Amino acid sequence: MSDSNGVPFTDGKFYEKNFDSKEYLKSFDVYPSSYEGFLPFMLRHLHNTFSSGNLEGKRLIDIGSGPTIYAIISASRCFEEIVLSDIADGNRREIEKWLKNEKGCFNWRPIIQFVCELEGRSRSPEEVERRLRKIVKQVLRCDVLLENPFHPLKVEPVDCVLSSLCLEAACKDQGTYRRVLRSIAALLNPGGVLVLLGVLDQSYYREGKQTFSTLALSQSAIEEMLTDQGFTVKQVETLPATEKQKKSCDGNAFFYLFAQKK
Ligand SMILES: C[S@@+](CC[C@H](N)C(=O)[O-])C[C@H]1O[C@@H](n2cnc3c(N)ncnc32)[C@H](O)[C@@H]1O
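Under the working numbering, residues 176 to 437 are what the sequence shown spells out, in order.
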């Protein structure tokens, strides 16, 4: 373990042991239009991206999904198959529970409802849930730090990779972040798109009793690394962190980024 800004680096093993899926999900137990913040900001941008009509494809992979599905609700209109993934068993189990509609699974309905409203109610929440449960074909173990994050499985290149709040959590330095972007580029078909959601200039966040390290990166550093790895950055939007959020992290802003592999 190495220190970044005094916070010991929390690696994948630490996440497997200490990341509390239920505690994490508490922050998604909201109706997104009732406040302005991370969730409505990201859901609106995801909606705009995936309703543009320019993005359709066979498969999408979400890397480091945690116990969540919010990031793929809008994308479920455009893709035939979605693969979710995470390093921690507990997170993957939580998603599986929702996919099987098991008793005690997390209730994503208010968030799905919000997305349906963004879509002008062209799909009902029930339809969206049915579709998600049909097209999420796998919830795979992944370690984004491996050259093949799905080792020993070989995953065919896809049309879209999505990742939210994972890369800065998984990487301890910029060299690693660069390598991870290279492995992600290898998962994409030429012309494929990367939708990256994250946080800027953050070295830690707290979740319940745990503190997790994150790699503090500026927007320009992220854009430069993406360009170096053969992406064209098409859109970046940022949202300043609120004082309330700053009580549990030291990040300055959240970002929504859309890039295309050349
Ligand atoms: C802050 S959570 C984000 C979860 C979700 N994507 C979201 O937007 O809410 C960070 C996630 O990254 C995962 N993670 C950390 N290190 C990883 C690694 N090396 N490979 C894959 N996932 C990792 C954690 O298990 C955790 O689920």
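Heads up, the beta-carbon is just placed ideally off N, CA and C, and yes, glycines get one too.
As the structure is a prediction and not an experimental result, all values here were calculated from the model.
Following the DSSP letters along the chain, one finds Thr224 inside the alpha helix (DSSP H) bounded by residues 213-225.
Residue burial annotation: Thr243 is buried, with at least 16 other C-beta atoms found within 10 angstroms of its C-beta.
Annotation for Ala434: the continuous beta strand (DSSP E) segment containing it runs 428-436. Residue environment analysis places His220 among the buried positions, since at least 16 neighbouring C-beta atoms fall within 10 angstroms of its C-beta. When DSSP states are grouped into helix, strand and coil, Cys335 belongs to the strand group.
Checking the DSSP bridge columns, you'll see Leu274 has no partner listed. For Pro415, no alpha helix (DSSP H) segment is defined; the enclosing uninterrupted segment is the beta strand (DSSP E) at 406-415. One Cα belongs to Gly239, the other to Lys275, and the distance between them is close to 20 angstroms. In this structure the region 261-275 touches the region 183-197; the number of beta carbon pairs closer than 8 angstroms is three or more. Here the alpha carbon of Gly232 sits roughly 36 angstroms from the alpha carbon of Thr417. Taking C-beta atoms as the reference points, Leu320 and Ala250 fail to come closer than 8 angstroms. A residue is called buried when at least 16 other Cβ atoms come within 10 angstroms of its Cβ; Ser260 meets this threshold and is buried. Exclusion of the five residues before and after Tyr206 leaves Pro285 as the residues of its chain whose Cβ lies within less than 6 angstroms of its Cβ.
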